[in-house]
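Below is one structure; the comments refer to it alone.
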């Protein structure tokens, strides 16, 4: 049971880590896209 809990905790950490990185990347691309549009206008 302890091993399964450890694996689940590790899996959860990985998901949170990926979500945080995805959010940062998405925000970065959104800012770049907005800047490019404002430059075009």
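Numbering (the working numbering), first residue to last: 1 to 41.
Backbone N, C-alpha and C define an ideal beta-carbon position, used for all residues, glycine too.
Query	Result
Length of the line joining the Cα atoms of residue 14 and residue 25	16 Å
Inter-residue spacing [alpha-carbon to alpha-carbon] between residue 20 and residue 35	23 Å
Distance between residue 12 and residue 37 (C-alpha atoms, nearest Å)	37 Å
Between the CA atoms of residue 40 and residue 6 - distance to the nearest angstrom	51 Å
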